[in-house]
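*Asks:* Each residue of the sequence shown is one higher than the last, beginning at 166 in this note's numbering. Sharing a structure with you now.
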Amino acid sequence: MNPIVLSIMISSLGLGTILTFIGSHWLLVWMGLEINTLAIIPLMIRQHHPRAVEASTKYFITQATASALLLFASIMNAWTSGEWGLTEMINPTSATLATIALALKIGLAPLHFWLPEVLQGLDLTTGLILSTWQKLAPFAILLQLYPSLNSNLLIFLGILSTMVGGWGGLNQTQLRKILAYSSIAHLGWMISILHYSHNLTQLNLILYIIMTSTTFLLFKTFNSTKINSISSSSSKSPLLSIIALLTLLSLGGLPPLSGFMPKWLILQELTKQNLTIPATIMAMMALLSLFFYLRLCYATTLTMTPNSINMSTSWRTKLSHNLILTTAASLSILLLPITPAILMLMS
């Protein structure tokens, strides 16, 4: 892609998200979401491959449907209340429609079917943008609307997403599909606690973005898109394979890694709100997610690629000093001991 066109698309991607962040009028927020959607489609389709074209088409159709539903919800609210302000969501029907539209935009179950298929058709860099940056604008709206949203609907979407994310990733061999189901499960954790503690949703979103970015950057460094191909990483770069092991375990939520922090705090808050059954279901579904992370860990560090005696030993990958990967990996692994400081900053 032409560098000028690429810079325009990335700038538009940032502009759309910033418009949604600063907007207090429904039409301005909706415009930001539209700019965001239209800016990423050329990045998705730049491979000129049938899978990329199919993924871009599916993404465009689902995002257009969600945007139309969100616009309809905002117009209905303005019609009944006379207010176009984002936080003036008085009509309960409009609030429910807006929740469903935003759930479709970010890929919450049961509106998740587009996400694994779209992510599978993209390269790892565009998949990283889709899994992280594209979640920011819808969550900016949800974090402003949370007092007027239906808490039972949010809990239902959260539990269903953790179940689908756990079950769906079990039988996958493609790394991008595994990361898609991982994304669905993490989004379920975020949305279930939104009504009761929006600070925990923000904390979980930030940590999810850091851990997912680390995972995508590691897979890009290994040049791997399947479980079979990742098994050669330990012989090529032992240090990176250990970092990948710790990052995947952190995504699974094992202590003493960073990923344990949001799960622990969310379960604690749900228990405080007398939501013991949803908390128990989500904790059990986290074990399913942990299983496919352990599969990836096993493939990354505990297996070796089959080499016959006649084959030459593969050269070790020359490590480039990647500051972004180093920082993200450190944050993905080492944040749990400073949990009290993080909670104090966010309160």
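Note that the Cβ used here is the ideal one computed from N, Cα and C, for glycine as well.
Give me, in chain order, the residues of the same chain whose beta-carbon lies closer than 7 Å to that of Leu422; leave out the 5 immediate sequence neighbours on both sides.
*Replies:* As a working note, residue 422 is residue 257 in the sequence shown. So the list reads Leu411, Leu414, Ser415, Ile498 and Leu501, once near-sequence residues are dropped.
*Asks:* Three or more beta-carbon pairs under 8 Å between the region 371-383 and the region 321-334, yes or no?
*Replies:* Output reads no: the region 321-334 does not touch the region 371-383.
*Asks:* Between the Cα of Ser189 and the Cα atoms of Tyr224, Pro207 and Glu253, which residue gives the shortest distance?
*Replies:* Numbered from 1 along the sequence shown, position 24 holds the residue referred to as residue 189. Comparing Cα-Cα distances from Ser189 to each of Tyr224, Pro207 and Glu253, the minimum goes to Glu253.
*Asks:* Check His190 in the structure and name its three-state DSSP category.
*Replies:* In the sequence shown, counting from the first residue as 1, residue 190 sits at position 25. In the structure shown, His190 sits in a strand (DSSP, three-state: E or B).
*Asks:* Since Ala268 and Leu198 are thought to touch, with beta carbons under 8 Å apart, how far apart are those beta carbons, to the nearest angstrom?
*Replies:* In the sequence shown, counting from the first residue as 1, residue 268 sits at position 103. In the sequence shown, counting from the first residue as 1, residue 198 sits at position 33. Actually they are not in contact, since the Cβ atoms of Ala268 and Leu198 sit about 14 Å apart, beyond 8 Å.
*Asks:* What does the Cβ neighbour count give for Val170, buried or exposed, with the cut at 16 atoms within 10 Å?
*Replies:* Sequence index remark: in the sequence shown, residue 170 carries index 5 (1-based). Burial call: exposed.
*Asks:* Relative to the C-alpha of Gly331, which candidate in Thr185, Leu455 and Val194 has its C-alpha closest?
*Replies:* As a first step, residue 331 is located in the sequence shown; it is residue number 166 there, counting from the start. With distances taken between Cα atoms, Gly331 lies closest to Leu455.
*Asks:* Please confirm if the region 363-378 is in contact with the region 304-315, defined as three or more CB-CB distances below 8 Å between the two stretches.
*Replies:* The region 363-378, when compared against the region 304-315, does touch it at the 8 Å Cβ threshold.
*Asks:* Would you kindly check if the distance between the Cβ of Gly323 and the Cβ of Met449 is under 9 Å?
*Replies:* Counted from its first residue, the sequence shown places residue 449 at position 284. Counted from its first residue, the sequence shown places residue 323 at position 158. Not closer than 9 Å, so no.
*Asks:* Where does Lys437 land, buried or exposed, given buried means 16+ other C-beta within 10 angstroms?
*Replies:* Position 272 of the sequence shown holds residue 437. Result: exposed.
*Asks:* Does the distance from the C-beta atom of Ile374 to that of Leu273 stay below 9 Å?
*Replies:* Residue mapping note: residue 374 aligns to position 209 of the sequence shown, counting from 1. Residue mapping note: residue 273 aligns to position 108 of the sequence shown, counting from 1. It is not a contact, given that the beta carbons lie outside the stated cut-off.
*Asks:* Would you check if there are 3 or more beta carbon pairs closer than 8 Å linking the region 244-262 to the region 282-301?
*Replies:* Output reads no: the region 282-301 does not touch the region 244-262.
*Asks:* By alpha-carbon positions, which one of Ile395, Met509, Lys428 and Glu434 ends up nearest to Cys462?
*Replies:* Taking the first residue of the sequence shown as position 1, residue 462 is located at position 297. Cα-wise, what sits closest to Cys462 is Ile395.
*Asks:* Alpha carbon to alpha carbon, how far is Leu490 from Gly292? Give it in angstroms, no decimals.
*Replies:* Start at 1 with the first residue of the sequence shown, and residue 292 comes out as number 127. Start at 1 with the first residue of the sequence shown, and residue 490 comes out as number 325. Approximately 16 Å between the Cα atoms of the pair.
*Asks:* Tell me, to the nearest whole angstrom, how far the beta carbon of Ile407 is from that of Leu383; I am working on the premise that it is less than 8 Å.
*Replies:* Taking the sequence shown and counting its residues from 1, the one referred to as residue 407 is at position 242. Taking the sequence shown and counting its residues from 1, the one referred to as residue 383 is at position 218. About 11 Å; that fails the 8 Å criterion.
*Asks:* Thr245 to Thr492, Cα distance in whole Å?
*Replies:* In the sequence shown, residue 245 corresponds to position 80, counting from 1. In the sequence shown, residue 492 corresponds to position 327, counting from 1. Approximately 49 Å between the Cα atoms of the pair.
*Asks:* What ranges does the alpha helix (DSSP H) occupy inside the region 191-264, keeping only unbroken runs of at least 4 residues that lie completely in it?
*Replies:* List check, alpha helix (DSSP H) in window: 191-210 and 215-246.
*Asks:* Just to confirm, is the Cβ distance from Leu340 to Ile392 under 9 Å?
*Replies:* Counting from 1 along the sequence shown, the entry for residue 340 is found at position 175. Counting from 1 along the sequence shown, the entry for residue 392 is found at position 227. Taking 9 Å as the Cβ cut-off, Leu340 and Ile392 qualify as a contacting pair.
*Asks:* Can you give me the C-alpha to C-alpha distance between Thr230 and His351, rounded to a whole angstrom?
*Replies:* Position 65 of the sequence shown, counted from the first residue, corresponds to residue 230. Position 186 of the sequence shown, counted from the first residue, corresponds to residue 351. Using only the alpha carbons, I get a separation of about 23 Å.
*Asks:* Among Ala233, Ala243, Ala263 and Pro281, whose alpha-carbon lies nearest the alpha-carbon of Leu344?
*Replies:* Here residue 344 is taken as the residue at index 179 of the sequence shown, counted from 1. It is Pro281 whose Cα lies nearest to the Cα of Leu344.
*Asks:* Determine the direct distance from the alpha carbon of Ile183 to that of Ile265, and round the result to whole angstroms.
*Replies:* Taking the first residue of the sequence shown as 1, we reach residue 265 at position 100. Taking the first residue of the sequence shown as 1, we reach residue 183 at position 18. Going from the Cα of Ile265 to the Cα of Ile183 covers about 22 Å.
*Asks:* With distances taken between CB atoms, is the gap from Leu289 to Trp249 smaller than 9 Å?
*Replies:* Stepping through the sequence shown from its first residue, residue 289 is reached at position 124. Stepping through the sequence shown from its first residue, residue 249 is reached at position 84. Taking 9 Å as the Cβ cut-off, Leu289 and Trp249 do not qualify as a contacting pair.
*Asks:* In whole angstroms, what separates the C-alpha of Ser313 from that of Pro403?
*Replies:* Within the sequence shown, the letter at position 148 stands for residue 313. Within the sequence shown, the letter at position 238 stands for residue 403. Roughly 50 Å between the two C-alpha positions.
*Asks:* For Asn438, name the three-state secondary structure that DSSP assigns.
*Replies:* Looking up residue 438 in the sequence shown gives position 273. A small fix is needed here, since residue 438 is Gln in this sequence, not Asn. Three-state DSSP puts Gln438 in coil, outside helix and strand.
*Asks:* When the Cα atoms are used, what is the spatial distance from Trp429 to Asn242?
*Replies:* The count along the sequence shown starts at 1 and reaches residue 429 at position 264. The count along the sequence shown starts at 1 and reaches residue 242 at position 77. Answer to the nearest angstrom: the Cα atoms are 37 Å apart.
*Asks:* Considering Tyr346, what are the terminal residues of the alpha helix (DSSP H) in which it resides?
*Replies:* Stepping through the sequence shown from its first residue, residue 346 is reached at position 181. Leu340 to Ile358 is the span of the alpha helix (DSSP H), which, as asked, contains Tyr346.
*Asks:* Given this structure, state the Cα-to-Cα distance separating Ile206 from Asn439, to the nearest angstrom.
*Replies:* What you label residue 206 is simply residue 41 of the sequence shown in a count that begins at 1. What you label residue 439 is simply residue 274 of the sequence shown in a count that begins at 1. Taking the straight line from one Cα to the other gives about 43 Å.
*Asks:* With 16 other CB atoms within 10 Å as the buried threshold, where does Ser512 fall?
*Replies:* As a first step, residue 512 is located in the sequence shown; it is residue number 347 there, counting from the start. Exposed: under 16 other Cβ atoms inside 10 Å.
*Asks:* For Ile226, does the count of other Cβ atoms within 10 angstroms reach 16, so buried, or fall short, so exposed?
*Replies:* Residue mapping note: residue 226 aligns to position 61 of the sequence shown, counting from 1. Exposed, by the Cβ-count rule.
*Asks:* Going by other Cβ atoms of all chains shown within 10 Å of its Cβ, with 16 needed for buried, is Gly417 buried or exposed?
*Replies:* Residue numbering aside, residue 417 sits at position 252 when the sequence shown is read from its first letter. The residue in question, Gly417, is buried, as its Cβ has 16 or more Cβ neighbours within 10 Å.
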